[in-house]
Amino acid sequence: MRVIGEIRYSRDHLWVRVDEDGFATIGISDYLQELLGEISAFSLPDEGEELVKDENFSIIETPEGRLELVAPISGEVSEVNEELLESPELANEEPYNEGWLIRIENLLESEFDELLTLEEYEEYLQEELEEEEALEED
Numbered sequence: 000m001r002v003i004g005e006i007r008y009s010r011d012h013l014w015v016r017v018d019e020d021g022f023a024t025i026g027i028s029d030y031l032q033e034l035l036g037e038i039s040a041f042s043l044p045d046e047g048e049e050l051v052k053d054e055n056f057s058i059i060e061t062p063e064g065r066l067e068l069v070a071p072i073s074g075e076v077s078e079v080n081e082e083l084l085e086s087p088e089l090a091n092e093e094p095y096n097e098g099w100l101i102r103i104e105n106l107l108e109s110e111f112d113e114l115l116t117l118e119e120y121e122e123y124l125q126e127e128l129e130e131e132e133a134l135e136e137d
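Numbered continuously in numbering that gives the first Met the number 0, the sequence shown closes out at residue 137.
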């Protein structure tokens with residue numbers, strides 16, 4: 000069962016929220032934007048393009064380099080955040096609001112259900128941070 004407005008997360012630090020109209024909005028998590036630092040540009044798919052789960056769909060550019068984003072779910076791109084393309088810092092300032100990336104339609108509910116809940120994502124982040132600390136101690 001899907002709760003309207005519920006946010007789910009991928010292990011690649013993207014969030015997905017299904018809205019009342021059945022469309023899904025995708026963005027980067029606060030953790031990822033913090034990890035990347037200043038975001039200088041985005042490359043996003045065009046409206047009408049098919050998104051395929053686990054395939055690259057976007058590139059984030061920072062002063063330190065580029066990061067390819069992997070689609071957390073499949074669907075058809077129905078809207079691209081044009082404002083974000085003009086002002087990429089929105090992803091740093093408002094990752095869950097004005098800094099969203101794209102909206103998609105025709106998503107598979109089963110793929111959404113496979114994403115992490117907030118509690119599961121917090122546990123995953125904690126494990127990741129503990130692994131990083133262990134590596135730093137070696």
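Using N, Cα and C, we set each Cβ at its ideal position, and we do this for glycine too. Being a predicted model, the structure only gives us computed values, none of them experimental.
Nearest in C-alpha terms to L13, of all of I59, E129, S77 and E82, is I59. Check the Cα spacing between I72 and each of D20, E110, F22 and I27: the tightest is with E110. Looking at D18, N80 and L31, the one whose alpha-carbon comes closest to that of D11 is L31. Rounded to whole angstroms, the separation of the alpha carbons of E33 and E63 is 13 Å. Between E118 and L107, the alpha-carbon positions lie close to 22 Å from each other. Between F41 and S57, the C-beta spacing is below 9 Å. In the DSSP annotation of this structure, Y95 is not part of any beta strand (DSSP E), being labelled neither H nor E. Taking C-beta atoms as the reference points, L83 and L35 fail to come closer than 9 Å.
In this structure, the CA atom of G21 is about 43 Å from the CA atom of E135. The Cβ atoms of E46 and V76 lie closer than 9 Å to each other. In summary, S9 is buried, with 16 or more beta-carbon neighbours lying within 10 Å of its beta-carbon over all protein chains present. Taking the C-beta atoms as reference points, T61 is found nearer than 9 Å to S39. Secondary structure note for A23: its beta strand (DSSP E) is the uninterrupted segment A23 to I27.
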